[in-house]
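Just so you know, the protein sequences line up as chains A and B, in that order.
To convert, note that position 36 of the first sequence is 949 in this note's numbering; the numbers rise steadily by one, no gaps.
To convert, note that position 135 of the second sequence is 1048 in this note's numbering; the numbers rise steadily by one, no gaps.
For each residue, glycine too, the CB sits at the ideal point set by N, CA and C.
All values reported here derive from a predicted model rather than from experimental measurement.
Protein chains: 2
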Amino acid sequence: MDDEPATEILEAAYRALCDHGYADLTMQDVAAEADTSTGLIHYYYDSKANLFSELLAHLYDRFTTELRSEPEGGPREHLAVLLDLLLADSETTPGREFRTAMLEVNAQAPSDEAIRSQLAAFDQALFERFREVLSAGVEAGAFDERVDPDAGAELLVTVVTGAHARNAAFDRAPERVHESVTRYAEAYLVADGSTEVAH
Amino acid sequence: MDDEPATEILEAAYRALCDHGYADLTMQDVAAEADTSTGLIHYYYDSKANLFSELLAHLYDRFTTELRSEPEGGPREHLAVLLDLLLADSETTPGREFRTAMLEVNAQAPSDEAIRSQLAAFDQALFERFREVLSAGVEAGAFDERVDPDAGAELLVTVVTGAHARNAAFDRAPERVHESVTRYAEAYLVADGSTEVAH
Chain A
914 MDDEPATEIL EAAYRALCDH GYADLTMQDV AAEADTSTGL IHYYYDSKAN LFSELLAHLY
974 DRFTTELRSE PEGGPREHLA VLLDLLLADS ETTPGREFRT AMLEVNAQAP SDEAIRSQLA
1034 AFDQALFERF REVLSAGVEA GAFDERVDPD AGAELLVTVV TGAHARNAAF DRAPERVHES
1094 VTRYAEAYLV ADGSTEVAH
Chain B
914 MDDEPATEIL EAAYRALCDH GYADLTMQDV AAEADTSTGL IHYYYDSKAN LFSELLAHLY
974 DRFTTELRSE PEGGPREHLA VLLDLLLADS ETTPGREFRT AMLEVNAQAP SDEAIRSQLA
1034 AFDQALFERF REVLSAGVEA GAFDERVDPD AGAELLVTVV TGAHARNAAF DRAPERVHES
1094 VTRYAEAYLV ADGSTEVAH
């Protein structure tokens, strides 16, 4: 534990969630992972439900920071970077175990208002980022002026959600839809006369 | 119970699943719904796991029959009918409670081989149906000859999966992406010079 024990506990909770899944996760697992006592975890986070809610808030901050990173290049590169980030090969990234744990968390959402609103916030952040990139692209002439940023963002968020669900539930590789959605971007979003390759 | 008690039990299991969710579902719930004894259910289906596996197989048959229905019209109407079927307004169809229960079932998939392979079979049936419709459309000149039926089907299945996940987890209306995916179909799939409206 370093001098930010509350944040250390959240990081440990993340690793313990990936290892044990949500239903089986105990405060003891988190304590073991953080190399501390369950007493200290209760001191900072009170209950498993509260710890988990704070973990989701922490992950939300990290996720939105990642989404907001501004790579070199224009809107088309931004879109390609976003799709790379969100549809990366699950076998070679640490995201897979997390997504599996999140399947369990998703199953809690209909009956747990706190989880439901946090999942909706992730979704909304992603939607807004896609919409921003599409808007900027239409404005800059990189995407066709007939592209509706809201409709395009809705489709892209839904694709990302579906890719994660299929990957976590039965190993469908997200790269397969990565290729499809890149073709979609090239064929549908890109303004006629642009010669740049989207990805 | 009519003269096909085994099928009646599956139909009752479906209704009980929608009412109680997967984790809380008991043989007693199914017996109450079927207006029969748990003894008879055990006689036909042995265990909850086996009953549920048979239920998924039964739903799979029903789903593939629905998918295979051949509406009037050409490939574009077929695609529109499929999207209507899969992305119908959740508030006015019985699908919502079932999808919520399926969130729980999805969460079992990573650790339950039988569930995982059945979910993969649903996914594969949907993929093949989309691919068939896209292929037929390219062949008939209704869709652009550059459309790759595999890539298009991958995108469409992923969109449908994502729409159901977002709807079940936090009430995102599937009609929103229905509109987006219809625009995608119009802009990307439809051959130049075709004047027919896809949806």
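So, is the C-beta of residue i closer than 7 Å to a C-beta in chain B?
i         : result
VAL1051/A : no
THR949/A  : no
VAL1090/A : yes
GLU1067/A : yes
ALA1098/A : no
THR1013/A : yes
ALA1064/A : yes
Rounding to the nearest angstrom, what Cα-Cα distance links residue i and residue j in this structure?
i         : j         : result
TYR884/A  : VAL1072/A : Because chain A here runs from 914 to 1112, residue 884/A falls outside it and cannot be looked at.
VAL1060/A : VAL994/A  : 20 Å
GLU1026/A : SER960/A  : 17 Å
ASP1036/B : ALA1081/B : 17 Å
ASP1057/B : VAL1051/B : 6 Å
ALA944/A  : LEU968/A  : 14 Å
ARG1042/B : LEU980/B  : 7 Å
ASP997/B  : PHE1083/A : 25 Å
GLY1075/A : PRO1062/A : 20 Å
GLU1045/B : PRO984/A  : 39 Å
ALA1001/B : SER1048/A : 28 Å
ASP948/B  : ILE1028/B : 27 Å
ALA1038/A : ALA1034/B : 32 Å
TYR973/A  : GLU917/B  : 51 Å
VAL1070/A : GLY952/B  : 47 Å
THR1095/B : GLU946/A  : 48 Å
LEU1068/A : PHE1040/B : 18 Å
PHE1011/A : ARG975/B  : 33 Å
ARG1085/A : THR939/B  : 31 Å
GLU990/A  : VAL1090/B : 24 Å
ALA1055/A : GLU1092/A : 20 Å
TYR1097/B : LEU999/A  : 21 Å
SER950/B  : ASN1019/A : 34 Å
HIS955/A  : SER982/B  : 57 Å
ALA962/A  : GLN941/B  : 31 Å
Enumerate in chain order the residues of its own chain whose CB-to-CB distance from residue i is below 6 Å, with the five nearest sequence positions on each side excluded.
i         : result
ALA936/B  : GLU1017
THR919/A  : Here the sequence assigns Ala to residue 919/A, which means Thr is not the residue at that position. These residues qualify, in order along the chain: TYR957.
GLN1031/A : LEU969
ALA1022/B : ILE1028, ARG1029, LEU1032
For residue i, would you say it is in contact with chain A, using Cβ-to-Cβ distances shorter than 7 Å as the test?
i         : result
SER1093/B : yes
ALA993/B  : no
TYR927/B  : no
ARG989/B  : no
ASP932/B  : no
ALA944/B  : no
GLU1017/B : yes
When you compare the CB of residue i with every CB in chain D, is at least one pair closer than 7 Å?
i        : result
TYR957/B : Protein chains in the displayed structure are A and B, and chain D is not among them.
Counting only the same chain and skipping the five closest in sequence on each side, list residues whose C-beta sits under 7 Å from that of residue i.
i         : result
ALA1053/B : GLY987, PRO988
ALA1014/B : LEU930, CYS931, GLY934, TYR935
HIS971/B  : LEU923
ALA926/B  : VAL943, LEU964, LEU968
ALA1066/B : PHE1040, PHE1043, ARG1044, LEU1047
THR977/A  : ALA1038
ARG928/A  : GLU946
Per DSSP, what are the beta-bridge partners of residue i in this structure?
i         : result
VAL1103/A : PHE1056/A
* Where the stretch 960-983 of chain A meets chain B: residues whose CB sits under 7 Å from a CB there -> none
* Taking a Cβ distance cut-off of 7 Å, strictly less, list which residues of the stretch 1020-1050 of chain A are near chain B, in chain order. => ALA1020, ALA1022, PRO1023, ARG1029, LEU1032, ALA1033, ASP1036
* Anything in the stretch 1070-1085 of chain B with a Cβ closer than 9 Å to a Cβ of chain A? List those residues in chain order, please. => VAL1070, THR1071, VAL1072, VAL1073, THR1074, GLY1075, ALA1076, HIS1077, ALA1078, ARG1079, ALA1081, ALA1082, PHE1083, ASP1084, ARG1085
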